[in-house]
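Going by this note's numbering, 90 is the number at position 90 of the sequence shown; the sequence numbering is gapless. Glycine included, C-beta positions come from ideal geometry on N, C-alpha and C. From a predicted model like this one, the values you see are computed outputs, not experimental measurements. Only one structure is covered here, and it is reproduced in the block below.
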Amino acid sequence: MSITVHQFPCLSDNYGFLVRDDATGLAACIDTPDADAILRELASLGWKLDLILNTHWHPDHAGGNAQIKAATGATVVGPKEVERIGQAPDREVAGGDSVSLGQTRFEVLESGGHTLGHIAFFDAADHAAFVGDTLFALGCGRLFEGTPEQMWDSLQRLAALPDDTKVYCAHEYTASNARFALSVDDAPALKSRAEAIFAARERGEWTVPTTIGLEKATNPFLRAPQLAERMGLAGAKDHEAFAAVRAAKDSFKG
Ligand code: ZN
Ligand code: FE
Numbered sequence: 001m002s003i004t005v006h007q008f009p010c011l012s013d014n015y016g017f018l019v020r021d022d023a024t025g026l027a028a029c030i031d032t033p034d035a036d037a038i039l040r041e042l043a044s045l046g047w048k049l050d051l052i053l054n055t056h057w058h059p060d061h062a063g064g065n066a067q068i069k070a071a072t073g074a075t076v077v078g079p080k081e082v083e084r085i086g087q088a089p090d091r092e093v094a095g096g097d098s099v100s101l102g103q104t105r106f107e108v109l110e111s112g113g114h115t116l117g118h119i120a121f122f123d124a125a126d127h128a129a130f131v132g133d134t135l136f137a138l139g140c141g142r143l144f145e146g147t148p149e150q151m152w153d154s155l156q157r158l159a160a161l162p163d164d165t166k167v168y169c170a171h172e173y174t175a176s177n178a179r180f181a182l183s184v185d186d187a188p189a190l191k192s193r194a195e196a197i198f199a200a201r202e203r204g205e206w207t208v209p210t211t212i213g214l215e216k217a218t219n220p221f222l223r224a225p226q227l228a229e230r231m232g233l234a235g236a237k238d239h240e241a242f243a244a245v246r247a248a249k250d251s252f253k254g
C-alpha cells in the first residue's frame, strides 16, 4: 500500500493536497480551499477524484466542495459541522471512524478546538496525517469554538502518532510561528530549526509537511508543560499551560 501526495499553494497561505492511492489510482482532495486550483491540478495530473475529505467547516477548507463535487462526482466525507457552509457531507464521519480510498485507509481522529467538530485523517500504513487547522509547523489553530482543554486533548492525540508521521498542515504560517516560538522558548533545537525556516522562506520554499517528532521537540504549544515554569505557571495543569501559550500567541505582535 502506498500513496502519492501532491501539494500546492493556493489562496493567500493555504496548501491544497491531492492524495492518490497508488494501487487503484483513485484520488482524494483534503479540503477544498480553492476549487479552480484543485480542478486544474487534478486535470494536469490526470487523477480521478473519488473523495473530498473535509477537516472542518471553514470556507477555506470546505468552500469549494459544491463546485468540485459538481465537476467530478466525488463523494464529500466530513464532520457534521460542514453543513454550516450550506451543504451537508454525503457521509458524516467522526473520531473512531475510518474512510477507504481504494486500498488506503484513513483513520478519523477527533481534533476539535479550532472548530468544535474538527477532525484529522491519519493513514497509519504510510505514516501520513492531514491535520487541517489543528497542528501547524511550530503552531496550532486558534481556538475559535473549543476550549483549551479540548484543543490540548486533540493535540495530544496527534502527538501520540509515530514520530516519523508526516504532518500535512493546511497553512504556511511557519515563519511567524517561529518568531513567536523564539519569544517563549530558548530550546537549542528550536533556534536551529527557526534559522532553517527563515532561510527556507527567503528562498520561497515550503515548510510543510513537518513531522510529529520535530513538532514534539520544538513546537511551543506541544511543549507547553515544559514552558510553564518560564511563563510563571509552575504547577499548572498541562491544558492550563497550553492555554497560556495560546493566549500569548493571540496577543503576540511579531
Ligand atoms: Zn480554519
Ligand atoms: Fe484554515
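Suppose you measure from the CA of residue i to the CA of residue j; what does that come to, to the nearest Å?
i: proline 255; j: phenylalanine 252; result: Absent from the model: residue 255. The displayed extent of the chain is 1 to 254, so no value can be given.
i: threonine 259; j: alanine 194; result: With the chain covering only 1 through 254, there is no way to say anything about residue 259.
i: cysteine 10; j: glycine 235; result: 43 Å
i: leucine 45; j: alanine 243; result: 42 Å
i: tyrosine 173; j: glutamine 103; result: 33 Å
i: proline 79; j: leucine 233; result: 35 Å
i: threonine 218; j: alanine 189; result: 6 Å
i: alanine 66; j: aspartate 36; result: 12 Å
i: threonine 115; j: glutamine 156; result: 16 Å
i: valine 19; j: cysteine 29; result: 6 Å
i: valine 5; j: glycine 139; result: 22 Å
i: aspartate 153; j: valine 93; result: 19 Å
i: leucine 49; j: glycine 64; result: 14 Å
i: alanine 178; j: isoleucine 68; result: 34 Å
i: tryptophan 206; j: isoleucine 52; result: 23 Å
i: serine 98; j: aspartate 31; result: 17 Å
i: threonine 72; j: alanine 128; result: 25 Å
i: leucine 135; j: arginine 246; result: 12 Å
i: leucine 39; j: glycine 16; result: 11 Å
i: leucine 222; j: threonine 147; result: 16 Å
i: asparagine 14; j: glutamine 7; result: 10 Å
i: isoleucine 54; j: valine 76; result: Per the sequence shown, residue 54 should be read as asparagine rather than isoleucine. Straight-line Cα distance between these residues: approximately 7 Å.
i: glycine 318; j: lysine 237; result: The chain is shown from 1 up to 254; residue 318 falls before or after that span and cannot be answered.
i: tryptophan 47; j: glycine 117; result: 29 Å
i: lysine 191; j: aspartate 185; result: 9 Å
i: glycine 254; j: phenylalanine 180; result: 7 Å
i: proline 89; j: proline 220; result: 34 Å
i: alanine 187; j: histidine 239; result: 21 Å
i: histidine 61; j: aspartate 34; result: 8 Å
i: isoleucine 3; j: glycine 204; result: 26 Å
i: alanine 175; j: glutamate 41; result: 26 Å
i: phenylalanine 144; j: alanine 196; result: 30 Å
i: threonine 211; j: serine 12; result: 23 Å
i: glutamine 87; j: glutamine 226; result: 43 Å
Run the CB neighbour count on residue i, radius 10 Å, all protein chains shown included, and call it buried at 16 or more, exposed below.
i: phenylalanine 198; result: exposed
i: proline 59; result: exposed
i: arginine 91; result: exposed
i: glutamine 150; result: buried
i: glycine 141; result: buried
i: alanine 125; result: exposed
i: isoleucine 123; result: Position check: residue 123 holds aspartate in this sequence, whereas isoleucine was assumed. It is buried - the Cβ of aspartate 123 has at least 16 other Cβ atoms within 10 Å.
i: glutamate 202; result: exposed
i: glycine 113; result: buried
i: arginine 230; result: exposed
i: alanine 74; result: buried
i: tyrosine 70; result: Checking the sequence shown, residue 70 turns out to be alanine, not tyrosine. That one is exposed.
i: alanine 255; result: This structure leaves residue 255 out entirely; the chain is present only between 1 and 254.
i: alanine 224; result: buried
i: alanine 43; result: exposed
If you compare alpha carbons, which of the options is closest to residue i?
i: phenylalanine 130; options: Leu138, Gly64, Glu107; result: Glu107
i: tryptophan 57; options: Ala200, Ile119, Asp238, Gly213; result: Ile119
i: glycine 96; options: Asp186, Ala88, Ser111, Pro89; result: Ser111
i: aspartate 133; options: Ala170, Leu109, Ser176, Ala224; result: Ala170
i: isoleucine 182; options: Glu240, Thr211, Lys249; result: The amino acid at residue 182 is misidentified as isoleucine; the sequence shows leucine. Comparing Cα positions, the closest option is Lys249.
i: valine 167; options: Glu145, Phe144, Ser176, Phe121; result: Phe121
i: glutamate 215; options: Ala196, Ala137, Ala175; result: Ala137
Using a Cβ-Cβ distance cut-off of 8 Å, determine whether residue i contacts chain D.
i: threonine 32; result: Although the question refers to chain D, the structure presented lacks it and comprises just one protein chain.
Pocket of the ligand FE defined by Cβ to heavy atom distance under 6 Å: His58, Asp60, His61, Asp133, Ala170, His171
Given 8 Å, three or more beta-carbon pairs between the region 71-84 and the region 156-171: no
Does the pairing of the region 16-29 with the region 100-116 give three or more beta-carbon distances under 8 Å? yes
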